[in-house]
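Residue numbers (the numbering used here), protein chains in the order written: chain U, 58 to 414; chain S, 58 to 414; chain B, 58 to 414; chain Z, 58 to 414. For every residue, glycine included, the Cβ atom is placed at its ideal position computed from N, Cα and C. These numbers were taken from a predicted model, which means no experiment stands behind them.
Number of protein chains: 4
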Amino acid sequence: MTKQLMKAFAMLKIGEVGWIEKEIPALGPRDALVAPLAVSPCTSDVHTVWEGAIGERHNMVLGHEAVGEVVAVGSKVKDFKPGDKVVVPAITPDWNTLEVQNGYHQHSGGMLAGWKYSNIKDGVFSEYFHVNDADMNLVLLQEGISLKAAAMIPDMMTTGIHGAELADIKIGDTVAVLGIGPVGLMAVAGARLRGAGRIIVVGNRPVTIEAAKFYGATDVVDYKQGPIVEQILELTGGKGVNCTIIAGGKSTILADAVKITAPGGNIGNVNYFGDGEYLPIPRVEWGVGMGHKTIRGGLTPGGRARMEKMIALVQTKRVDPEKMVTHEFKGFENVEKALLLMKDKPKDLIKPVVYVK
Amino acid sequence: MTKQLMKAFAMLKIGEVGWIEKEIPALGPRDALVAPLAVSPCTSDVHTVWEGAIGERHNMVLGHEAVGEVVAVGSKVKDFKPGDKVVVPAITPDWNTLEVQNGYHQHSGGMLAGWKYSNIKDGVFSEYFHVNDADMNLVLLQEGISLKAAAMIPDMMTTGIHGAELADIKIGDTVAVLGIGPVGLMAVAGARLRGAGRIIVVGNRPVTIEAAKFYGATDVVDYKQGPIVEQILELTGGKGVNCTIIAGGKSTILADAVKITAPGGNIGNVNYFGDGEYLPIPRVEWGVGMGHKTIRGGLTPGGRARMEKMIALVQTKRVDPEKMVTHEFKGFENVEKALLLMKDKPKDLIKPVVYVK
Amino acid sequence: MTKQLMKAFAMLKIGEVGWIEKEIPALGPRDALVAPLAVSPCTSDVHTVWEGAIGERHNMVLGHEAVGEVVAVGSKVKDFKPGDKVVVPAITPDWNTLEVQNGYHQHSGGMLAGWKYSNIKDGVFSEYFHVNDADMNLVLLQEGISLKAAAMIPDMMTTGIHGAELADIKIGDTVAVLGIGPVGLMAVAGARLRGAGRIIVVGNRPVTIEAAKFYGATDVVDYKQGPIVEQILELTGGKGVNCTIIAGGKSTILADAVKITAPGGNIGNVNYFGDGEYLPIPRVEWGVGMGHKTIRGGLTPGGRARMEKMIALVQTKRVDPEKMVTHEFKGFENVEKALLLMKDKPKDLIKPVVYVK
Amino acid sequence: MTKQLMKAFAMLKIGEVGWIEKEIPALGPRDALVAPLAVSPCTSDVHTVWEGAIGERHNMVLGHEAVGEVVAVGSKVKDFKPGDKVVVPAITPDWNTLEVQNGYHQHSGGMLAGWKYSNIKDGVFSEYFHVNDADMNLVLLQEGISLKAAAMIPDMMTTGIHGAELADIKIGDTVAVLGIGPVGLMAVAGARLRGAGRIIVVGNRPVTIEAAKFYGATDVVDYKQGPIVEQILELTGGKGVNCTIIAGGKSTILADAVKITAPGGNIGNVNYFGDGEYLPIPRVEWGVGMGHKTIRGGLTPGGRARMEKMIALVQTKRVDPEKMVTHEFKGFENVEKALLLMKDKPKDLIKPVVYVK
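Here it is, written out as structure tokens:
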């Protein structure tokens with residue numbers, strides 16, 4: 058039998074991308090094949106290709122943010138059928154693992170191994186892509202949610218909100234969000250969803266600052282106006298914030314986070330750290346080890362139940378992710394252009410979406 | 058020395074209220090004397106007077122919801138001085154107790170004994186009232202917060218939000234709020250503040266339903282249209298809600314709450330139960346004891362730090378409590394009228410406020 | 058093809074048990090067939106047969122506590138092979154469900170539906186029995202753990218310890234354990250494992266009292282000497298305990314639990330409640346709804362990861378479950394005798410074990 | 058009025074200790090004056106004097122671990138009177154602060170400022186010492202607890218156990234304890250108290266290894282036999298431990314802790330870090346920011362309620378702290394000798410106690 062080929066946009070090797078042909082993936086009994094309707098490139102794709110963040114890869118299809126249409130399903134798939142429109146989480150774990158039983162599906166099969174697309178297997182920038190354990194990892198795209206909004210759910214929304222979860226915000230807390238790219242913006246929305254009072258964001262570009270305010274920021278610190286630690290301590294009368302979410306930055310941002318967080322506070326990190334062998338905790342400001350400034354960092358939950366919760370937030374208008382989409386492209390061929398946008402970060406960019414048709 | 062007298066509105070005995078004269082309270086070194094600027098009567102006052110909810114009392118000044126102006130402070134009070142405008146929490150615990158060290162200031166000195174006004178001591182419907190441990194129990198009324206809004210903070214807002222805290226809502230959860238009087242409305246706001254997706258409320262009066270939608274309700278169940286358990290199960294495809302907040306009702310409402318909550322869900326109660334010797338948990342729907350439907354009920358936190366968090370929510374416009382105030386009175390003498398409103402519950406009432414001057 | 062038959066001990070109908078022949082279960086690709094090495098009857102079997110606790114059943118094989126030997130495995134089972142000695146949890150959920158993703162595998166497929174043996178499917182009192190999702194639900198019996206000890210792991214140990222988990226015990230807390238049958242004894246061990254200081258048990262039979270002391274009880278209350286509420290309040294200077302675990306009793310035991318638990322305390326229930334339409338929460342002692350006495354009740358976690366944790370506790374000698382086994386039988390035919398022991402509860406009984414060979 | 062003088066053992070300046078005379082402290086209305094019965098020097102005293110850990114101090118009385126007898130009390134002290142034997146926590150916060158209301162009394166008045174003795178005020182190596190807020194900070198020494206055991210409660214026991222609390226151990230978890238000085242030994246006891254299965258300790262001296270086994274260690278790693286990360290990973294089949302408690306070591310021990318902890322695990326630190334500007338989190342092993350390896354570090358809780366919990370553990374024989382006391386001295390003058398022991402750390406030392414009379 059001849060294998061059928063499909064077109065895909067891939068990392069050819071570190072530093073190089075391009076269009077390739079690959080075989081359409083084969084399906085196991087619980088799997089599904091999905092054709093993308095809308096995709097979005099992620100900063101992670103940029104890290105992967107141009108920084109070698111996950112090591113060398115050859116002809117690996119890129120992309121892990123997609124909304125699509127089911128094309129085929131395995132014999133044991135019960136809840137989905139060809140023609141269904143679905144949101145596909147960036148994190149699609151193997152659910153039959155002890156890690157799941159122990160509470161961390163994100164790390165099933167090894168640390169971070171719940172993240173499969175454009176990492177452990179081919180990504181979603183392809184005519185078709187493979188979904189493992191479809192009943193557990195897909196979710197129907199509900200009526201009334203646009204493709205534009207839906208494309209923000211698989212990664213941006215769930216990741217940013219996870220930052221707020223990790224920061225364990227309490228009602229009325231003052232929260233700092235470091236970094237207001239799309240994940241940071243969703244961290245702002247997440248902080249508000251957990252009941253934050255003041256939300257202090259650090260940013261500089263007008264487009265992101267305006268969006269941050271839209272999502273709930275009350276104070277803006279411009280890192281070009283001086284050290285952010287000083288500015289945030291001044292804003293809080295020297296006391297620091299209750300919680301900090303890190304959603305961007307080099308490794309030294311962790312030191313800043315510790316410095317601005319009050320004793321008894323929490324730091325939640327959803328940032329990918331790509332530089333240095335060590336991340337620095339400032340010894341004195343961490344209370345020489347005893348300041349009760351908790352540091353949590355984690356990959357977003359994925360899978361179907363998580364996506365259902367995200368969709369509920371969009372349906373009930375708790376979060377409007379469309380505000381983040383600054384650039385829209387029609388035609389699958391524009392994936393490359395969209396990815397380069399994420400690489401070059403023009404002033405007016407938050408996040409692009411590519412509609413396949 | 059002749060003691061000075063002041064005018065106060067009191068419970069004379071069960072079933073009877075009236076204006077009396079009392080001595081102006083003496084101050085200990087950590088105490089403060091406050092003159093009310095705005096007060097609000099509470100359903101609890103109604104329970105106290107007409108249902109004998111806390112037992113017999115003679116000439117006890119009523120009221121526990123007040124915003125006021127500091128008139129005098131004890132020698133050890135550091136953070137407040139005469140002339141300061143303050144919000145006074147309904148719950149003003151003794152902070153120097155083991156109950157505080159064990160995490161429950163509400164119950165310092167005995168279960169519920171953190172609630173002092175119009176319970177253990179005279180209330181706030183008086184020309185002047187006493188504040189124990191002023192540095193720990195008062196908070197400055199911040200600029201830009203109206204008296205109208207501020208009067209909702211001492212009890213309604215913090216109590217309703219505590220319902221959401223007790224229900225331990227997770228991001229995107231479906232939440233039911235049973236009862237949408239003022240506490241229930243703030244429970245709706247609280248559910249939204251904790252990240253609820255759908256919020257199903259049970260009510261009937263247009264004024265409260267409109268307010269519930271304003272605060273975040275997405276679905277309304279009218280208890281006059283049939284049993285609420287059936288209606289809510291139908292709305293949730295038979296699955297029930299993730300969390301339920303009880304903010305009103307007779308003791309049987311607890312049974313309803315268990316029936317509509319899915320296994321693994323939480324029930325948070327901030328309702329005062331006044332009837333019956335026992336509250337009923339339905340055995341089968343509670344999983345014959347093993348359904349993981351957690352039942353929590355608790356008095357709101359009080360004190361200064363809590364009030365600071367509430368004020369932050371108003372300042373940052375996360376919650377606008379003014380929407381609840383349907384009736385406003387000028388002149389202290391209208392306290393009686395306002396209280397009777399709470400007793401009679403006319404159709405258009407949510408909550409009255411009385412401005413003293 | 059002729060189906061092979063096996064011998065099994067079953068509930069013939071409510072009130073009647075007996076030996077029957079059944080077909081050996083067929084295996085799906087992820088399943089296993091296990092032959093029991095040691096089994097133990099449970100009070101639940103008694104409830105099932107003589108109280109009709111789960112409704113009518115015909116020729117349903119009884120038993121859900123077993124240690125066995127793997128006889129056959131499906132094609133997709135990776136971690137087990139014929140000849141492996143395994144502990145089989147009483148709770149064997151379907152792991153591919155949204156309930157698992159939402160944190161409650163016990164209720165996958167419906168409330169309590171993680172409990173399958175002698176409930177939803179045939180039990181383990183059979184020459185062979187079926188294990189769904191073997192890689193997720195079985196665990197190897199480790200070297201150095203006796204069959205006698207191992208037979209207590211599938212239900213008694215994990216259930217009793219779950220009582221302590223539900224009660225959310227903090228270091229140094231005073232804990233009451235109501236009921237010291239085998240589950241109650243493991244609740245005592247669980248309370249100790251979570252760091253309880255004083256552990257007050259309620260019992261009467263010397264054999265269980267001695268065992269309770271062995272597992273960590275410091276104070277014993279004899280319910281024949283007067284109302285237990287009064288006795289426990291006296292023992293605690295009127296303050297009540299921090300946490301209460303319910304591991305036995307009629308529905309009124311819940312009222313007792315609320316009465317003896319201090320504000321801010323937790324009640325954890327692992328008792329099966331079989332009587333009455335409602336379980337009573339005493340209104341006043343529950344703080345008229347606001348006493349912060351949390352009530353949790355839940356089916357024990359099951360599956361492989363949970364069993365691994367239990368086995369670790371036995372291997373490291375944190376818990377010695379052998380002490381509970383008061384009656385040992387050799388020969389599968391003695392299952393009936395052992396079950397009747399559980400029904401009749403002679404004075405010297407805690408728990409019997411039947412070694413199949 | 059002439060002030061009365063007392064003898065005290067003090068830090069004269071960095072690097073120098075000696076006996077001095079000081080005025081007997083004056084008492085406020087809520088304070089108490091206590092004469093020590095037994096004291097113990099702490100490694101912190103060594104850090105303070107010879108490493109300048111808290112900066113320069115002149116004639117500051119050393120010591121923060123004491124059991125004593127109340128000599129005088131202020132007019133508002135209700136629960137203690139002269140002659141009472143008391144345990145004095147190392148952490149004696151100001152309880153009337155917002156930090157307490159926000160849940161962290163340890164940091165009332167500023168990060169770590171709940172630690173007052175031999176830090177913010179004079180310590181306990183003195184004929185008499187001052188106790189602020191006596192009703193909130195003292196606890197009666199219960200009958201049946203030896204001075205030897207009691208002297209371990211104020212700091213060693215509560216600090217070590219706090220390590221286990223910070224590590225948030227779950228039933229049956231595998232736990233590593235890094236450092237088995239007296240705090241580490243109590244961390245081992247704490248891990249057992251929270252239900253750990255395997256407890257892997259890192260140490261080398263026979264006296265501490267034997268004590269570690271006594272308190273619950275199941276595996277011992279000798280850091281002189283090779284890198285501890287490799288050894289612990291090997292012991293756990295490459296998976297790492299669920300939780301790690303850091304109770305000793307230079308700043309690089311934090312990197313080791315991250316490396317040996319599995320994703321989803323927790324690191325609890327109660328170690329004082331004295332070296333370096335930054336503590337290193339190893340980037341890759343921390344999952345490039347997303348491995349869900351939570352890092353918590355905190356000063357032990359203090360005050361009366363905490364001490365009551367510790368005393369309950371000793372009374373109920375959950376922990377026997379006497380095992381840690383390897384050196385006993387009679388006569389207050391031996392405080393110096395005892396302190397030098399802590400500085401020199403002879404092979405057979407765990408912890409010395411000095412009985413004053």
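U:G322 counts as buried, since at least 16 other C-beta atoms from the protein chains shown sit within 10 angstroms of its C-beta. Residue burial annotation: S:H121 is buried, with at least 16 other C-beta atoms found within 10 angstroms of its C-beta. Close partners of B:L370 in chain U (Cβ separation under 8 Å) are lacking, with about 16 Å as the shortest Cβ gap. Under the Cβ criterion of 8 Å, Z:M214 is not counted among the residues facing chain S. For Z:A314, the nearest beta carbon of chain S is not closer than 8 Å to its own beta carbon. One thing to note: B:I324 has its Cβ no nearer than 8 Å to the Cβ of B:I310. The segment 168 to 175 of chain B makes contact with the segment 105 to 123 of chain B: 3 or more CB pairs, one atom from each, lie closer than 8 Å. Near chain S, meaning a CB-to-CB distance below 7 Å, the residues of the segment 196 to 223 of chain U are I218 and E222. Within the same chain, V411 come within 7 Å of B:N391 by CB-CB distance, once the 5 residues on both sides are set aside.
Fully contained in the segment 273 to 308 of chain B are the following beta strand (DSSP E) runs of length 3 or more, in chain order: 276 to 279 and 298 to 303. Here Z:G131 is near Z:G85, since their CB atoms are less than 8 Å apart.
Close to S:Y185, with beta-carbon spacing below 8 Å, lies no residue of chain B; the smallest spacing is near 28 Å. Each of Z:A253, Z:W343, Z:K281 and Z:G238 was checked against the Cα of Z:T265, and the nearest Cα belongs to Z:G238. Under the Cβ criterion of 8 Å, Z:A362 is counted among the residues facing chain S.
Listed along the chain, the chain S residues whose CB falls inside 8 Å of the CB of U:I148 amount to none; the nearest CB is some 15 Å away. With distances taken between CA atoms, U:A221 lies nearest to U:I352 out of U:K60, U:T373 and U:I352. For the pair Z:Y161 and B:V157, the Cα-to-Cα distance works out to about 35 Å. Within 8 Å of the CB of B:Y335, the CB atoms of chain S belong to A312, Y335, P337, I338, P339 and R340, in sequence order along the chain. For U:E73, the beta-bridge partners assigned by DSSP are U:K70. Between B:K408 and B:D401, the alpha-carbon positions lie close to 12 Å from each other.
Beta-bridge partners of Z:G355 (DSSP): U:G348.
Across the segment 240 to 261 of chain B, CB contacts with chain Z closer than 9 Å involve G247, R249, L250, R251, G252, A253, G254, R255 and I256, in sequence order along the chain. When secondary structure is reduced to three states using DSSP, U:P320 falls in the strand class. Within chain S, the C-beta atoms nearer than 8 Å to that of U:T275 come from T373, in chain order. The residue among Z:M214, Z:A224 and Z:I228 with its C-alpha nearest the C-alpha of B:I218 is Z:I228. For S:A253, the closest C-alpha among the options S:C300, S:H187, S:G166 and S:L235 is that of S:C300. Within the model, the alpha-carbon separation for U:E73 versus U:A65 is close to 14 Å. Shown here, U:A83 sits in coil according to DSSP, grouped into three states, outside any helix or strand. The straight-line gap separating the alpha-carbon atoms of S:V278 and B:G355 is approximately 29 Å. A residue is called buried when at least 16 other Cβ atoms come within 10 angstroms of its Cβ; U:G167 does not meet this threshold and is exposed.
Under DSSP, B:H187 forms a beta bridge with B:L90. Counting only the Cα atoms, U:Y329 lies some 9 Å from U:G306. For S:M193, the C-beta contacts it makes with chain Z under 9 Å involve N153, T154, L155, V157 and Q158, in order along the chain.
With respect to the 8 Å criterion, U:A129 and U:P139 are classified as neighbours on the basis of their beta carbons. By the beta-carbon neighbour count (other beta carbons within 10 angstroms, threshold 16), B:H115 is exposed. In this chain, the beta strand (DSSP E) harbouring U:V143 covers K142 to V145.
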